[in-house]
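K.L.:
Let me begin by handing over the structure; questions about it come next.
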Amino acid sequence: MQKRVLGNGNLEVSAIGLGCMGMSQSYGPNPGDRQEMISLIRTAVERGITFFDTAEVYGPFANEELVGEALAPVRDRVVIATKFGFDLGPDGDNRGVNSRPEHIKEAAEGSLRRLGVETIDLYYQHRVDPDVPIEEVAGAVKDRIWEGKVRHFGMSEAAAQTIRRAHAVQPVTAVQSEYSLWWRRPEEEEVLPALEELGIGFVPYSPLGKGFLTGKIDENAAFASNDIRNTIPRFTPEARKANQALVDLLGSIAQRKNATPAQIALAWLLAQKPWIAPIPGTRRPERLDENIGAAAVELTPDDLREIENAASEITVQGARYPEELERMTGR
Ligand SMILES: NC(=O)c1ccc[n+]([C@@H]2O[C@H](COP(=O)([O-])OP(=O)(O)OC[C@H]3O[C@@H](n4cnc5c(N)ncnc54)[C@H](OP(=O)(O)O)[C@@H]3O)[C@@H](O)[C@H]2O)c1
Numbered sequence: 121m122q123k124r125v126l127g128n129g130n131l132e133v134s135a136i137g138l139g140c141m142g143m144s145q146s147y148g149p150n151p152g153d154r155q156e157m158i159s160l161i162r163t164a165v166e167r168g169i170t171f172f173d174t175a176e177v178y179g180p181f182a183n184e185e186l187v188g189e190a191l192a193p194v195r196d197r198v199v200i201a202t203k204f205g206f207d208l209g210p211d212g213d214n215r216g217v218n219s220r221p222e223h224i225k226e227a228a229e230g231s232l233r234r235l236g237v238e239t240i241d242l243y244y245q246h247r248v249d250p251d252v253p254i255e256e257v258a259g260a261v262k263d264r265i266w267e268g269k270v271r272h273f274g275m276s277e278a279a280a281q282t283i284r285r286a287h288a289v290q291p292v293t294a295v296q297s298e299y300s301l302w303w304r305r306p307e308e309e310e311v312l313p314a315l316e317e318l319g320i321g322f323v324p325y326s327p328l329g330k331g332f333l334t335g336k337i338d339e340n341a342a343f344a345s346n347d348i349r350n351t352i353p354r355f356t357p358e359a360r361k362a363n364q365a366l367v368d369l370l371g372s373i374a375q376r377k378n379a380t381p382a383q384i385a386l387a388w389l390l391a392q393k394p395w396i397a398p399i400p401g402t403r404r405p406e407r408l409d410e411n412i413g414a415a416a417v418e419l420t421p422d423d424l425r426e427i428e429n430a431a432s433e434i435t436v437q438g439a440r441y442p443e444e445l446e447r448m449t450g451r
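Heads up, this note's numbering is the position in the sequence shown plus 120, with the first residue counted as 1.
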């Protein structure tokens with residue numbers, strides 16, 4: 121698989137990474153057991169993926185342990201990204217955001233231990249903490265970089281102005297925020313232009329719209345009781361029905377390109393900028409191969425124009441998050 125370089129920090133990653141969150145939470149029970157998830161991560165490495173995404177809060181804690189164990193044999197060949205920024209009790213209860221410098225120090229030690237690594241390759245602030253000036257957060261990460269415990273600084277769902285302030289203290293290598301054909305805030309709120317200007321890479325999360333853009337979730341699909349999509353307005357049956365137009369658009373381009381809707385959704389992201397590397401999540405080997413195949417799908421300027429024109433006619437229905445989660449973004 122081809123590589124991409126994130127930011128002036130020159131972090132080289134596979135064009136498509138692997139989001140590992142769903143292996144420990146969010147989308148209902150795993151189709152396989154823990155050992156199968158470890159095998160899946162190792163298969164991803166064999167197929168050329170070198171970019172893996174986890175977070176302290178996924179599980180909580182368990183996802184870092186899973187990713188660390190799976191990647192231990194190939195540690196030197198991969199980039200492991202994780203995230204700090206929540207106040208988690210010993211049992212993993214989430215007490216809200218916390219990016220106080222002393223907390224970042226502690227959180228980094230915990231992530232290093234669970235991942236079983238000496239250095240975190242890319243350490244993102246998961247959500248901006250309104251009670252801690254971003255300069256202090258950047259300073260705390262800078263200290264970890266000086267100690268050799270972190271290689272690169274990242275941010276997630278931060279506003280352009282916050283990214284600029286952080287970057288002035290400790291250069292940011294990558295920003296990770298939601299971005300796909302059904303969520304385009306990074307364009308609308310001038311995040312992408314700021315990243316381009318500052319030399320910061322971009323990592324779209326939920327690049328498949330939490331599965332919706334693959335065409336495998338229609339208005340009749342049912343989710344397991346602990347699936348987060350039950351709580352998301354964009355996933356009510358009515359919203360799914362209304363948003364089907366977007367999937368139909370991806371489907372029509374896919375047919376012409378001998379590809380799948382998921383591959384077109386990912387290829388569209390890759391075509392936006394050469395410094396973008398999406399991290400689709402899956403727990404199924406056949407979908408891993410499908411998603412990797414997106415790196416070989418080339419969209420011409422005509423294809424991109426067609427997608428753009430058709431997408432501009434579609435108004436996506438339903439919020440992407442419940443209100444309390446949305447409030448934590450864009451700060
Ligand atoms: N920074 C943040 O705040 C943040 C927030 C959310 C996510 N993330 C990161 O981003 C990663 C990806 O985001 P995400 O998991 O929310 O959403 P996503 O990658 O857009 O979609 C994942 C969903 O799509 C399904 N899927 C994947 N490939 C498929 C295919 N080819 N065909 C049909 N269905 C497919 C998966 O099901 P199966 O697993 O059953 O295949 C899963 O339900 C996460 O793993 C996490 O690392 C970060």
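For glycine and all other residues, C-beta sits at the position ideal for the given N, C-alpha and C. Since we're looking at a predicted model, the values are computed, not measured.
1) What did DSSP end up calling M361 once you bin it into helix, strand or coil?
2) In terms of DSSP beta bridges, what is G401 paired with?
3) For S159, tell me which candidate among Q145, G137 and E189 has the shortest Cα-Cα distance.
4) The beta strand (DSSP E) spanning A201 covers which residue range?
5) Compute every distance between the C-beta of R404 and the non-hydrogen atoms of ligand 1, then say whether any falls below 7 Å.
6) State the DSSP-derived secondary structure class of K269, mapped to helix, strand or coil.
7) Taking the alpha-carbon of L235 as reference, which of E267, A201, Q122 and G268 has the nearest alpha-carbon?
8) The beta strand (DSSP E) that contains A294, what's its start and end?
9) Round the Cβ separation of T351 and P442 to the nearest angstrom and send it over; I've been treating them as touching at under 8 Å.
10) Could you give the DSSP three-state label for F343: helix, strand or coil?
11) Does the segment 135 to 143 come within contact of the segment 387 to 403, defined as at least 3 CB pairs closer than 8 Å?
12) Secondary structure at R440, three-state DSSP: helix, strand or coil?
13) Measure the C-alpha to C-alpha separation of I115 and W302 and round it to an integer number of angstroms.
14) Cα separation between E426 and L390?
15) Of the residues R124, M121, N128 and K123, which one's Cα is nearest the Cα of E316?
16) How is the beta strand (DSSP E) around E307 delimited, first residue to last?
17) Measuring straight from C-alpha to C-alpha, what distance separates V252 and G216?
18) So does A382 have its beta carbon nearer than 7 Å to some heavy atom of ligand 1?
19) For F343 and R360, what's the separation of their Cα atoms in angstroms?
20) Just to check my reading of the structure: K330 and R305 have Cβ atoms closer than 8 Å, yes? What is that Cβ distance to the nearest angstrom?
21) So L300 packs on A385, CB below 8 Å; how close in whole Å?
22) Could you say if the segment 160 to 173 and the segment 405 to 424 meet the contact criterion of at least three C-beta pairs nearer than 8 Å?
23) Who pairs with N214 in a beta bridge, going by DSSP?
24) Give me, in chain order, the residues of the same chain whose beta-carbon lies closer than 6 Å to that of H272; leave out the 5 immediate sequence neighbours on both sides.
25) So what's R321 in DSSP terms, helix, strand or just coil?
26) Helix or strand or just coil, what does DSSP make of F332?
27) Identify whether R233 lies in helix, strand or coil by the three-state DSSP scheme.
28) Using beta-carbon positions only, say whether S144 and L186 come within less than 8 Å of one another.
29) Roughly how many whole angstroms lie between the Cα atoms of P421 and W388?
30) Do you know offhand how far I369's Cα is from A431's?
31) By Cβ distance, which residues of its chain are closer than 8 Å to E238, with the 5 residues on each side in sequence left out?
32) Rounding to the nearest angstrom, what Cα-Cα distance links L318 and G450 in this structure?
33) How would you call D173, buried or exposed, if buried means at least 16 neighbouring beta carbons within 10 angstroms?
34) Taking C-alpha atoms, which residue in T435, I373, A416 and F322 lies nearest to R354?
35) Answer yes or no: the CB of K330 versus the heavy atoms of ligand 1, is any distance below 7 Å?
P.N.:
Let me spell this out:
1) Counting from 1 along the sequence shown, the entry for residue 361 is found at position 241. The displayed chain sequence assigns Lys, not Met, to residue 361. Reduced to three states, the DSSP call for K361 is helix.
2) Within the sequence shown, residue 401 is the residue found at index 281, counting from 1. According to DSSP, which records beta bridges pairwise, G401 is partnered with G139.
3) Indexing the sequence shown from 1 puts residue 159 at position 39. The residue with the shortest Cα to Cα distance from S159 is E189.
4) Here residue 201 refers to the residue found at position 81 of the sequence shown. A201 -> beta strand (DSSP E) spans V199 to F204.
5) Residue numbering aside, residue 404 sits at position 284 when the sequence shown is read from its first letter. In this structure, R404 has its CB closer than 7 Å to one or more heavy atoms of ligand 1.
6) Here residue 269 refers to the residue found at position 149 when the sequence shown is read from its first residue. K269: coil per DSSP, three-state reduction.
7) On the sequence shown, residue 235 is found 115 positions in, with the first residue counted as 1. L235 has its Cα closest to that of A201, out of E267, A201, Q122 and G268.
8) For the purposes of this step, residue 294 is taken as residue 174 along the sequence shown, with counting starting at 1. A294 -> beta strand (DSSP E) spans V292 to E298.
9) Position 231 of the sequence shown, counted from the first residue, corresponds to residue 351. Position 322 of the sequence shown, counted from the first residue, corresponds to residue 442. Confirmed, Cβ separation roughly 5 Å.
10) Counting from 1 along the sequence shown, the entry for residue 343 is found at position 223. Looking at F343 - three-state DSSP - the assignment turns out to be coil, as it is neither helix nor strand.
11) Counting C-beta pairs closer than 8 Å gives three or more between the segment 135 to 143 and the segment 387 to 403, which meets the contact rule.
12) Here residue 440 corresponds to residue number 320 of the sequence shown, with the count starting at 1. Residue state, collapsed to three classes: coil.
13) Since the displayed the chain opens at 121 and closes at 451, residue 115 lies outside it and no answer follows.
14) One-based indexing of the sequence shown puts residue 426 at position 306. One-based indexing of the sequence shown puts residue 390 at position 270. If I take the Cα positions, the gap works out to 16 Å.
15) By one-based count along the sequence shown, residue 316 stands at place 196. Comparing Cα-Cα distances from E316 to each of R124, M121, N128 and K123, the minimum goes to N128.
16) Within the sequence shown, numbered from 1, the residue matching residue 307 stands at position 187. Counting along the chain, E307 sits inside no beta strand (DSSP E); it lies in the alpha helix (DSSP H) bounded by residues R305 to E308.
17) As a first step, residue 252 is located in the sequence shown; it is residue number 132 there, counting from the start. As a first step, residue 216 is located in the sequence shown; it is residue number 96 there, counting from the start. One C-alpha to the other measures close to 13 Å.
18) Locating residue 382 in the sequence shown gives position 262, counting from the first residue. For A382, the shortest separation between its Cβ and any heavy atom of ligand 1 lies below 7 Å.
19) Here residue 343 refers to the residue found at position 223 of the sequence shown. Here residue 360 refers to the residue found at position 240 of the sequence shown. Straight-line Cα distance between these residues: approximately 13 Å.
20) Start at 1 with the first residue of the sequence shown, and residue 330 comes out as number 210. Start at 1 with the first residue of the sequence shown, and residue 305 comes out as number 185. Taking a contact as a CB-CB distance under 8 Å, the pair K330 and R305 does not count as one, their CB atoms being some 15 Å apart.
21) Translated into positions along the sequence shown, residue 300 becomes position 180. Translated into positions along the sequence shown, residue 385 becomes position 265. Residue 300 is actually Ser in this sequence, not Leu. Taking a contact as a CB-CB distance under 8 Å, the pair S300 and A385 counts as one, their CB atoms being some 6 Å apart.
22) Between the segment 160 to 173 and the segment 405 to 424 there are three or more inter-stretch CB-CB distances shorter than 8 Å, so the stretches are counted as touching.
23) Taking the first residue of the sequence shown as position 1, residue 214 is located at position 94. According to DSSP, which records beta bridges pairwise, N214 is partnered with L208.
24) By 1-based counting over the sequence shown, the position of residue 272 is 152. Hits under 6 Å: G129, L131, L242 and T293.
25) Stepping through the sequence shown from its first residue, residue 321 is reached at position 201. Arg is not the amino acid found at residue 321; the sequence shown has Gly there. In the displayed model, G321 falls within a strand according to three-state DSSP.
26) Against the sequence shown, residue 332 aligns to sequence position 212. Correct three-state label for F332: helix.
27) In the sequence shown, residue 233 corresponds to position 113, counting from 1. If DSSP states are grouped into helix, strand and coil, R233 belongs with the helices.
28) Within the sequence shown, residue 144 is the residue found at index 24, counting from 1. Within the sequence shown, residue 186 is the residue found at index 66, counting from 1. Cβ atoms of S144 and L186: closer than 8 Å.
29) Here residue 421 refers to the residue found at position 301 of the sequence shown. Here residue 388 refers to the residue found at position 268 of the sequence shown. Straight-line measurement puts the Cα of W388 at about 11 Å from the Cα of P421.
30) Residue 369 sits at position 249 when you count from the first residue of the sequence shown. Residue 431 sits at position 311 when you count from the first residue of the sequence shown. The question names Ile, yet the displayed sequence has Leu at residue 369. Taking the straight line joining both Cα atoms gives about 8 Å.
31) For this step, residue 238 is matched to residue 118 along the sequence shown. Excluding five sequence positions before and after E238, the CB atoms of its chain that fall closer than 8 Å to its own CB belong to L232, G268 and K269, given in chain order.
32) Counted from its first residue, the sequence shown places residue 318 at position 198. Counted from its first residue, the sequence shown places residue 450 at position 330. Rounded to whole angstroms, the separation of the alpha carbons of G450 and L318 is 18 Å.
33) To locate residue 173, count along the sequence shown from 1; it is residue 53. Answer is buried; the Cβ neighbour count reaches 16.
34) As a working mapping, residue 354 is identified with position 234 in the sequence shown. Nearest neighbour of R354 by Cα position, chosen from T435, I373, A416 and F322, turns out to be T435.
35) Walking along the sequence shown from the start, residue 330 turns up at place 210. Flag set: Cβ of K330 near ligand 1.
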